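> Line by line, the protein sequences give chains A and B.
Residue numbers are given in my numbering: position 185 of the first sequence equals residue 185, and the series is strictly consecutive.
Whatever position you read off the second sequence (first residue = 1), add 274 for my numbering.
There are 2 protein chains.
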Amino acid sequence: MNILDGKKLRDEIFLKLKDKVKDLKLSLAVIQVGDDEASNVYINQKKKMCENLNIQFKHYRLQESILDDEVIHLIEKLNKDDTTAILMQLPIPNHLNKQKIIDSIDYRKDVDGLTSINAGNLLLGKKGLIPCTPKGIITLLKYNNIDLKGKRVTIIGRSNLVGKPLALLMLRENATVSICHSKTKNIKDITLNSDIIISATGKNGLVKEDMIKDNAVVVDVGISKIDGKLFGDVDFDQVSRKCSYITPVPGGVGPMTIASLAENIYEAYLIQKK
Amino acid sequence: MNILDGKKLRDEIFLKLKDKVKDLKLSLAVIQVGDDEASNVYINQKKKMCENLNIQFKHYRLQESILDDEVIHLIEKLNKDDTTAILMQLPIPNHLNKQKIIDSIDYRKDVDGLTSINAGNLLLGKKGLIPCTPKGIITLLKYNNIDLKGKRVTIIGRSNLVGKPLALLMLRENATVSICHSKTKNIKDITLNSDIIISATGKNGLVKEDMIKDNAVVVDVGISKIDGKLFGDVDFDQVSRKCSYITPVPGGVGPMTIASLAENIYEAYLIQKK
Chain A
1 MNILDGKKLR
11 DEIFLKLKDK
21 VKDLKLSLAV
31 IQVGDDEASN
41 VYINQKKKMC
51 ENLNIQFKHY
61 RLQESILDDE
71 VIHLIEKLNK
81 DDTTAILMQL
91 PIPNHLNKQK
101 IIDSIDYRKD
111 VDGLTSINAG
121 NLLLGKKGLI
131 PCTPKGIITL
141 LKYNNIDLKG
151 KRVTIIGRSN
161 LVGKPLALLM
171 LRENATVSIC
181 HSKTKNIKDI
191 TLNSDIIISA
201 TGKNGLVKED
211 MIKDNAVVVD
221 VGISKIDGKL
231 FGDVDFDQVS
241 RKCSYITPVP
251 GGVGPMTIAS
261 LAENIYEAYL
271 IQKK
Chain B
275 MNILDGKKLR
285 DEIFLKLKDK
295 VKDLKLSLAV
305 IQVGDDEASN
315 VYINQKKKMC
325 ENLNIQFKHY
335 RLQESILDDE
345 VIHLIEKLNK
355 DDTTAILMQL
365 PIPNHLNKQK
375 IIDSIDYRKD
385 VDGLTSINAG
395 NLLLGKKGLI
405 PCTPKGIITL
415 LKYNNIDLKG
425 KRVTIIGRSN
435 LVGKPLALLM
445 LRENATVSIC
455 HSKTKNIKDI
465 TLNSDIIISA
475 TGKNGLVKED
485 MIKDNAVVVD
495 VGISKIDGKL
505 FGDVDFDQVS
515 RKCSYITPVP
525 GGVGPMTIAS
535 LAENIYEAYL
545 IQKK
């Protein structure tokens with residue numbers, strides 16, 4: 001069994017990018033509404049990445065009670081100024097119109113790939129900014145020479161941030177893709193026939209040894225915190241004995257998400273320069 | 275075995291729509307470049323539908339050698355005037371930038387659902403105009419009380435017009451979705467475990483009796499012409515003995531595509547009225 005080491009690859013990506021971006025005066029604006037604890041952790045990771053790569057980090061912390069128009073007003077300001085990349089930290093409070101706010105981001109600065117235009121470009125096979133987690137997974141698999149063409153790939157989870165965009169990226173790579181979710185019956189029948197299984201549900205212990213075939217590749221996107229310790233969707237101790245490759249949690253997909261964000265900031269710069 | 279009768283349902287849909295649209299002065303502009311024979315047949319079907327529903331039909335036939343800017347200039351004119359719906363008849367010659375031309379269509383008039391914005395809305399689960407063929411397939415299955423929730427659905431083909439948007443619509447309906455294509459190995463292993471199989475390849479005879487389980491639902495989107503006769507992807511004589519429901523070719527998905535186009539024109543009107 002081999003570990004798919006996201007940290008190591010992230011550091012390599014940072015090293016290459018550092019040189020490329022050093023004189024470019026790039027900047028990332030992160031907009032946060034409220035004070036979600038998990039968001040604070042994620043934002044801190046982004047801040048560290050920016051410091052590491054000499055990208056200016058701007059953190060806009062808005063009060064919980066803010067209205068759509070005020071958030072959009074800020075975004076429009078950032079669209080016009082020299083900010084390279086804009087990111088709306090999710091989740092945001094329910095009273096806000098999430099998609100309307102996200103769609104107010106200039107798609108050339110949308111480093112989360114969540115505006116309608118970037119999502120559409122992904123569906124239609126056009127160039128554009130791609131959500132960081134699916135992008136990072138593809139990068140990690142390719143770096144480890146895991147061939148995707150013709151492979152059976154099963155994705156558990158159908159979110160806008162992971163499951164659906166990842167399915168489209170896997171199709172681009174000529175994989176045969178199955179998408180399972182909470183309404184799927186007998187999920188084991190599908191995963192047992194899969195070369196690559198990617199779980200993105202946040203349900204600790206969902207993927208067990210008896211669900212995967214020998215030498216499968218297992219990618220764990222899930223994250224849950226139990227008694228202060230982080231767990232993924234995959235029962236690592238059991239599954240790691242059976243599979244050929246596996247991502248650890250933490251240290252697998254998480255660092256790759258940050259690495260892809262850094263790549264997207266640089267790509268946003270290139271797109272805007274055109 | 276039951277026939278999924280697209281003609282009958284199309285006529286019902288037309289009947290309901292006829293009354294709704296009769297005083298609305300709707301119009302459909304179809305832009306054709308060159309003189310593709312199959313396109314002429316499809317355009318004629320659209321023309322008939324418009325005549326039937328009292329929708330003004332405008333056919334712009336442009337010469338093969340036309341340039342991007344000239345096509346886009348026409349589209350911009352139609353975006354601004356009172357045309358309800360604009361449709362770029364595909365295929366178009368290779369020297370033209372297909373996606374640039376399509377993206378110049380106002381997304382509120384894009385009744386093929388092929389602009390980046392509408393494709394993105396579909397991916398993100400937002401409202402928008404949906405490609406006619408996948409929309410028609412969902413309508414036909416639902417009309418026949420075929421439950422999709424938790425069902426194993428296999429789609430053969432990954433085009434922008436059918437395979438990918440249909441996969442997303444099936445996910446919305448809580449189906450478990452697998453997408454196969456030309457690079458898929460042992461496609462039979464997947465189809466044999468599927469409750470619903472939808473083939474959209476244009477390869478006559480691809481889906482055979484030994485590829486489906488008893489009482490599967492089979493939807494045939496393929497179309498190929500051999501010695502002047504139309505065939506689908508499915509070996510109808512064999513497969514129809516084994517399945518519970520099947521679409522005929524012609525008379526299945528084809529009429530539903532036209533019915534969905536009519537619905538999309540009405541929907542485009544409603545979106546623009548907002």
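Where a beta carbon is used, it is the ideal one built from N, C-alpha and C, also for glycine.
Nothing here was measured: the structure is a model prediction, and the numbers come from that model.
1) Give me the residue from A:Gly222, A:Lys242 and A:Cys50 with the minimum Cα distance to Leu24 of chain A.
2) Identify every run of the alpha helix (DSSP H) within the stretch 364–449 of chain B, keeping only runs that are complete inside it and at least 4 residues long; order them along the chain.
3) In whole angstroms, what separates the C-alpha of Thr176 of chain A from that of Ile197 of chain A?
4) Quick check on this structure: which residue in B:Gly479, B:Arg284 and B:Thr358 has the alpha carbon closest to the alpha carbon of Leu302 of chain B?
5) At a CB distance below 9 Å, what residues from the stretch 135–160 of chain A approach chain B? Give them in sequence order.
6) Would you check if there are 3 or more beta carbon pairs closer than 8 Å linking the stretch 382–389 of chain B to the stretch 397–414 of chain B?
7) Do Leu291 of chain B and Arg158 of chain A come within 7 Å of each other at the CB atom, strictly closer than that value?
8) Identify every run of the beta strand (DSSP E) within the stretch 15–60 of chain A, keeping only runs that are complete inside it and at least 3 residues long; order them along the chain.
9) Would you report the Cα separation of Ile59 of chain A and Ala200 of chain A, rounded to the nearest angstrom?
10) Quick one, which of A:Gln63, A:Gln32 and A:Ile190 has its alpha-carbon nearest Leu87 of chain A's?
11) Would a check of beta-carbon distances place Cys406 of chain B closer than 7 Å to chain A?
12) Leaving aside the five residues before and after Gly150 of chain A along the sequence, list all residues of the same chain whose C-beta is less than 8 Å from its C-beta, in chain order.
13) Is the stretch 96–108 of chain A touching the stretch 65–74 of chain A in the sense that three or more CB pairs, one from each, lie closer than 8 Å?
14) Taking a Cβ distance cut-off of 7 Å, strictly less, list which residues of the stretch 243–254 of chain A are near chain B, in chain order.
15) Output, in chain order, the set of chain B residues within a Cβ distance shorter than 9 Å of Asn121 of chain A.
16) Determine whether the Cβ of Thr475 of chain B lies closer than 7 Å to any Cβ atom of chain A.
17) If you compare alpha carbons, which of A:Ile92, A:Glu76, A:Asp233 and A:Leu4 is closest to Ser104 of chain A?
18) Tell me the rounded alpha-carbon separation between Ser456 of chain B and Lys47 of chain A.
19) Quick check: Leu414 of chain B and Gly496 of chain B, are their CB atoms within less than 7 Å of each other?
20) On the three-pair Cβ rule with 8 Å, is the stretch 479–497 of chain B touching the stretch 514–532 of chain B?
21) Taking C-alpha atoms, which residue in A:Leu26, A:Ile43 and A:Gly205 lies nearest to Pro91 of chain A?
22) For a cutoff of 7 Å on Cβ pairs, would you count Ile179 of chain A as touching chain B?
23) Applying a beta-carbon distance threshold of less than 7 Å, which residues of chain A neighbour Asn309 of chain B?
24) Counting only Cβ pairs nearer than 9 Å, list the residues of chain B close to Asn193 of chain A.
25) Could you tell me the boundaries of the beta strand (DSSP E) in which Val217 of chain A lies?
26) Terminal residues of the continuous alpha helix (DSSP H) containing Lys499 of chain B?
27) What span of residues does the alpha helix (DSSP H) with Leu480 of chain B cover, start to end?
28) CA-CA distance, Asp494 of chain B and Thr154 of chain A?
29) For the beta strand (DSSP E) that contains Ala474 of chain B, what are its first and last residues?
30) Got a sec, what are the start and stop residues for the alpha helix (DSSP H) Lys188 of chain A sits in?
31) Could you spell out where the beta strand (DSSP E) holding Leu341 of chain B opens and where it closes?
32) From Tyr269 of chain A to Leu26 of chain A, what distance separates their C-alpha atoms?
33) So which residues of chain A does Asn353 of chain B contact, with C-beta pairs closer than 9 Å?
34) If we define contact as Cβ-Cβ less than 7 Å, is Leu480 of chain B a contact residue for chain A?
35) Give me the chain A residues within the contact set of Gly502 of chain B, using Cβ-Cβ distance strictly less than 8 Å, ordered along the chain.
36) Pull up the distance between the alpha-carbon of Ser224 of chain A and that of Asp511 of chain B, whole angstroms please.
So, from the data block:
1) Residue A:Cys50 is the option with its Cα nearest to Leu24 of chain A.
2) Within the stretch 364–449 of chain B, the complete alpha helix (DSSP H) runs of at least 4 residues are 372–377, 390–397, 406–417 and 437–446.
3) For Thr176 of chain A and Ile197 of chain A, the distance between alpha carbons rounds to 12 Å.
4) Considering only alpha carbons, the answer is B:Thr358.
5) So the close ones are Lys149, Gly150, Lys151, Arg152, Thr154, Arg158 and Asn160.
6) Counting Cβ pairs under 8 Å, three or more are found: they touch.
7) No, the Cβ-Cβ distance between Arg158 of chain A and Leu291 of chain B is not below 7 Å.
8) Segments of the beta strand (DSSP E) lying fully in the stretch 15–60 of chain A: 27–33.
9) As written in the sequence, residue 59 of chain A is His, which differs from the Ile given in the question. So the alpha carbons of these two residues sit roughly 27 Å apart.
10) Ranking A:Gln63, A:Gln32 and A:Ile190 by Cα distance to Leu87 of chain A puts A:Gln32 first.
11) Taking 7 Å as the threshold, the shortest C-beta distance from Cys406 of chain B to chain A does not fall below it.
12) Same-chain partners within the cutoff: Asn174, Ala175 and Thr176.
13) In this structure the stretch 65–74 of chain A touches the stretch 96–108 of chain A; the number of beta carbon pairs closer than 8 Å is three or more.
14) Residues passing the 7 Å Cβ filter: none.
15) Chain B residues near Asn121 of chain A: Gln373, Ser390, Ala393 and Gly394.
16) No, because no Cβ of chain A sits closer than 7 Å to the Cβ of Thr475 of chain B.
17) The residue with the shortest Cα to Cα distance from Ser104 of chain A is A:Glu76.
18) The straight-line gap separating the alpha-carbon atoms of Ser456 of chain B and Lys47 of chain A is approximately 44 Å.
19) Against a cut-off of 7 Å, the Cβ pair of Gly496 of chain B and Leu414 of chain B comes out as no contact.
20) Look at the beta carbons and you see the stretch 479–497 of chain B touching the stretch 514–532 of chain B: at least three pairs across the two are nearer than 8 Å.
21) Minimum Cα-Cα distance from Pro91 of chain A among the listed residues A:Leu26, A:Ile43 and A:Gly205 corresponds to A:Ile43.
22) So yes, Ile179 of chain A belongs to the interface.
23) Per the sequence presented here, residue 309 of chain B reads as Asp, with Asn not at that position. One finds nothing in chain A with a Cβ atom closer than 7 Å to the Cβ of Asp309 of chain B; even the nearest lies about 26 Å away.
24) Asp463, Ile464 and Asn467, listed in chain order.
25) That run of the beta strand (DSSP E) goes Val217 to Asp220.
26) From DSSP, Lys499 of chain B is part of no alpha helix (DSSP H) but of the beta strand (DSSP E) over Ser498 to Ile500.
27) Run containing Leu480 of chain B: none; DSSP gives neither H nor E here.
28) So the two alpha carbons sit approximately 25 Å from each other.
29) Taken as a continuous stretch (DSSP letters only), Ala474 of chain B belongs to no beta strand (DSSP E), as it is neither H nor E.
30) Segment Ile187 to Thr191, the alpha helix (DSSP H) holding Lys188 of chain A.
31) Run containing Leu341 of chain B: none; DSSP gives neither H nor E here.
32) Linking Tyr269 of chain A to Leu26 of chain A through their CA atoms gives a straight-line distance of about 7 Å.
33) Scanning chain A for C-beta atoms nearer than 9 Å to the C-beta of Asn353 of chain B yields nothing, as the closest lies near 17 Å away.
34) Taking Cβ atoms only, chain A never reaches closer than 7 Å to Leu480 of chain B, which makes this a no.
35) Chain A residues near Gly502 of chain B: none, gap ~34 Å exceeds 8 Å.
36) When rounded, the separation of the alpha-carbon atoms in Ser224 of chain A and Asp511 of chain B is 52 Å.
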